[in-house]
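A.B. asks: All residue numbers for the sequence shown refer to our numbering, where the first residue is 1 and numbers rise by one. Glycine residues also receive a C-beta, built at the ideal position from the N, C-alpha and C atoms.
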Amino acid sequence: MGIHVHRRRALSIISMICVFAVAFVFAASSAADVGLYPVDPANTVSFMHQGVTYRIGPMAVDGQGRKAYCMETGTPDELWYAQELPIEDSEPARSVAHLAGALQDDDDPLNQAALAVLVHDHLDLQADAWKSRRSSLGSDRPDVLARAERLWEQAREETPVDGRLGVSFTEGTRKGVVNVRVTNAGGGAAVGVPFTLTLKGPAVFTANGKSTIQGTSISGGIDLEWSATGDGTVEAKLHYEITGAQHLISSQDYFRISGPRQAEAVAEVFQVRKSFSPTLSSVVPDKVVNHGAAVQDTVISGTKAGDVWASGVDVEAQGYYFDALTPQTLGEDFSETGASGTAYLDELKRAGHTPNAYASAVFGRSGESITVSATTDREGTQNYVAPLSGGFGTWVWIIAVDGQPKQTREFLQEDVVTRFPEPSETLSARAMVAVDSTVTEHSASEGSVISDTISVSGFPDDHGVFAGNAGFGFVADVPIATVSVVWSGDVNDQDKDALYEPRTVEVPTEDAHHRVIGTWEYPARNGVIKVGGGAPDAHGDPVSIVAQSHGYYVFVYSFPGDDRAMAVTSAYDDAWERVRVDQRPRGAQPSLTTMVSPMQVGVADAFHDTALVRGSVEEGSYVTFSAYEALEGSGLPSPAGRRIMNEERVPLDYSLTTQTVRSPAAKARKEGSVFWKATLWNKDGDILDAHYLGIDGETTTISSDERAEGERASSSVAQPVKSLARTGVGLLIALAIVVLVASGVGALMVAAIRRRSG
């Protein structure tokens, strides 16, 4: 900045000598001997120093209209410069440059003089020389120094000298905000300062989807939202705008603004993670379910510690249900660590475990709970129900990255797999226990020994062995079932016994006409149980049951149920389980002897059951035939097997004392065994004779056509008669049947059978 001086008779220009106390960074300018232009003296202020008049204000202006101020007191002004050098950045230099930029178009001589004072105060190269002239200026024009002081305070408030960044997170480390605040010399906010914020690393600004954004500072700071594009380290760097300043090298050095330039402020480094690791946990709503029930699971989403579920991201999980597991399976352990869903399922398959049912669930947040029902197919078109054979079942849940929509895949790094078997995901499907029984004699007299043959199926093969599993929450098997004999009737009057004939499924409460005459324990497992007749119970004690009085005697089998097998109680009104006892011995009762025909057939062949009835029957008497496929998975006879014939009635000829009847034709749909049961009834619906399911001679073997052809060819005509199933009093006449066949009477029977069957 220069000062114009006027003598009384002649005008000459004398420049004040300036001192600049700060260091320079000298760099040669491409411009040399560049011209400057004089300014209007009206834009300056005059004052007296040592008897000489000086002017203070802008000394020159360049071709762009930028004013130049003296910064070397005592050197004559000249309208040229040889070099342009940047003035080293400092807080005073920024403040002076800021004011020069703000007053560039301001021609107020007081403001311009005050600005020139500030250039000398902070940038003069001849600081000592300036001090004496400043004193004279203060004496002559105190208003200039006062204005300079006021401008300096303004500059300290407006000039940006630093920047501050604050990073905060709004969704885990996936999204957040960078707060930008530009500060002045006093640490307050510098308002209206243009800035640029850049993110280096896997993140972009939400507003523009780019890593760089521009803005203007405000008093409270400005929040700029960002989103992670990956996982890693991000550096946020702030640059804000300041007014640049130049040192023009001449015989008189000048100060001039050079236009806006970027100043680097602070940088903040932080970690981001776009991805997240979901977790799944599940608990079966019902720890124990019965055969035929839906199998459900309640699945709960979550995230690993420190993770946050990405907003708006749906994750699909696939459920796989494994059934028919044994107690030994509960002790197996398949670690899922690091395994993909496909690899884990393959590992289970190699160990003999393949899923039997499926489910799926879509989660949109952490902590969401969804209850699903298993289906037999992945498309969910057919509901799955607990199998007849029972067994433990467990779920495995998988979040497969490859199975997700594209948007979701961007957030997941690895598959999620739950462990097999997991206690909370494991249930017990109770097997359905089925009971079929037939008393030895359906009619007896007082004092007779009565007995029952009970065929039990459906228990797990190892039932009674399982001791429970506390870790999985399952209790031990109940090893004992009971058989009770319930009497009903009128103690005093046999003719009134019919009033108390069993008509209800449940056993009535004991009273004068109903009482339990005994209860015995038997192993709760599959097989045939003989109750009475001296056969032992579960403890090896022989059981003998004597009908002491007339009335009805009903055998009732009961199992209370446990975690692996359903409860079962035979019906009180089951006619097959009932003996009618009279005071007096009855006359000869008709008997029933049966035999399947033929014993081996192909899948496409028809087959029958044949019943030989001996003895007189009332008009309206009949024989019923039922046929059952073997119990699924066990090969055992059971009323729970699929029925291919159900109580088909065939009438009897009451005029005959010996007759043979044949069931309607049956056909099986697959290889295996078909078990028959035949029952002889009177016109009132009372059972006269029957046999239990699975008795010898009442099984048809279904084979492939090739095998069956050879087996049928080897069968003889006499073989079925020799092997007729003996039921009730039929045991007494088996020999007579053979004699009849051998003597030719059998041929007549066959002819009669054909006539009646036709």
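1) Checking the sheet assignment: what are the DSSP bridge partners for S428?
2) Counting only the same chain and skipping the five closest in sequence on each side, list residues whose C-beta sits under 8 Å from that of S811.
3) When the Cα of Q407 is compared with those of K274, S445, V299 and I370, which residue comes out closest?
4) How about A786 and V289: are their beta carbons less than 8 Å apart?
5) Fully enclosed by the region 362-390, which beta strand (DSSP E) runs are 3 residues long or longer?
6) Can you check which of these residues, V39, A343, P423 and S311, is closest to S366 by C-alpha distance?
7) Just mark A155 as buried or exposed, buried being the case when its beta carbon has 16 or more other beta carbons within 10 Å.
8) Helix, strand or coil, according to DSSP, for V182 in the structure here?
9) Determine which residues share a DSSP beta bridge with H49 and list them.
10) Give me the Cβ distance between F363 and A317, rounded to the nearest whole Å; I'm assuming they're in contact under 8 Å.
11) When the Cα atoms are used, what is the spatial distance from G163 to P194?
12) Could you check where the alpha helix (DSSP H) with A524 kicks off and where it finishes?
13) Could you say if the region 414-430 and the region 394-404 meet the contact criterion of at least three C-beta pairs nearer than 8 Å?
14) Skipping 5 residues on each side, what residues in its chain have a beta carbon closer than 8 Å to that of D582?
15) State the beta-bridge partners of S484 as determined by DSSP.
16) Reducing DSSP to helix, strand and coil, say where V579 ends up.
17) Go ahead and label Y37 buried or exposed: buried means 16 or more other beta carbons lie within 10 angstroms of its beta carbon, across all protein chains shown.
18) Does the region 455-472 come close enough to the region 531-538 to have 3 or more Cβ pairs within less than 8 Å?
19) Excluding five sequence neighbours on each side, which residues of the same chain lie with their C-beta closer than 7 Å to the C-beta of H513?
20) DSSP on N208, reduced to helix/strand/coil?
21) Measure the CB-CB distance between V266 and L238 and report whether it falls below 8 Å.
22) Is DSSP giving A665 helix, strand or coil here?
23) Residues in its own chain within less than 6 Å of M432 by CB, not counting five upstream and five downstream?
24) Once the 5 residues before and after T440 are set aside, which same chain residues still bring their CB inside 6 Å of it?
25) For Y622, report the span of its beta strand (DSSP E) as first-last.
26) Going by Cα to Cα distance, which pick from S621, E698, S616 and K677 is closest to T658?
27) Starting from H759 and walking both ways along the beta strand (DSSP E), at which residues does that stretch end?
28) Could you give the first and the last residue of the continuous alpha helix (DSSP H) run that contains K349?
29) Measure the Cβ-Cβ separation of A627 and V674 and say whether it is below 8 Å.
30) Label S437 either buried or exposed according to how many other C-beta atoms from any shown protein chain fall within 10 Å of its C-beta, with 16 as the threshold for buried.
31) Report yes if the CB atom of V483 is closer than 8 Å to the CB atom of V554, and no otherwise.
32) Looking only at C-alpha atoms, which of V486, L197 and S217 sits nearest to N208?
33) Whole angstroms are fine: how far does the CA of L118 sit from the CA of S82?
34) Would you check if the distance between the CB atom of I454 and the CB atom of V531 is smaller than 8 Å?
35) What three-state label does DSSP hand N111 in the structure shown?
36) Please classify E629: is it buried, with 16 or more other beta-carbons within 10 angstroms of its beta-carbon, or exposed?
C.D. replies: With the given structure in hand:
1) V288 and F392
2) Lying before the first or after the last residue shown, residue 811 is absent from the chain, which here runs from 1 to 758.
3) For Q407, the nearest C-alpha among the options comes from K274.
4) Absent from the structure is residue 786, since the part of the chain shown begins at 1 and ends at 758.
5) Note on the region 362-390: whole beta strand (DSSP E) runs with a minimum of 3 residues are 369-373, in chain order.
6) From the listed residues V39, A343, P423 and S311, the smallest Cα separation to S366 is found for S311.
7) Buried, because 16 or more other Cβ atoms sit within 10 Å of the Cβ of A155.
8) strand
9) V52, per the DSSP bridge assignment.
10) 7 Å
11) 12 Å
12) No alpha helix (DSSP H) holds A524; DSSP gives it neither H nor E.
13) Counting C-beta pairs with one atom in each stretch, the region 414-430 and the region 394-404 have three or more that are closer than 8 Å, which means they touch.
14) S443, A444, S445, E446, Q494 and H550
15) Residue pairing from DSSP places S484 in a beta bridge opposite T519 and V556.
16) When secondary structure is reduced to three states using DSSP, V579 falls in the strand class.
17) exposed
18) no
19) S488, G489, D490 and Y500
20) coil
21) yes
22) coil
23) H291, L388, G458, M566 and A640
24) Correct list, in chain order: S451.
25) Y622 to E629
26) S616
27) For the chain, the structure presents residues 1 to 758; residue 759 sits outside this window and is missing.
28) G341 to R350
29) Yes, the pair counts as a contact, with Cβ atoms nearer than the cut-off.
30) By the beta-carbon neighbour count (other beta carbons within 10 angstroms, threshold 16), S437 is buried.
31) no
32) L197
33) A quick correction: the sequence has Ala, not Ser, at residue 82. Approximately 24 Å, taken between the alpha carbons.
34) yes
35) N111 falls in the helix class under three-state DSSP.
36) It counts as buried.
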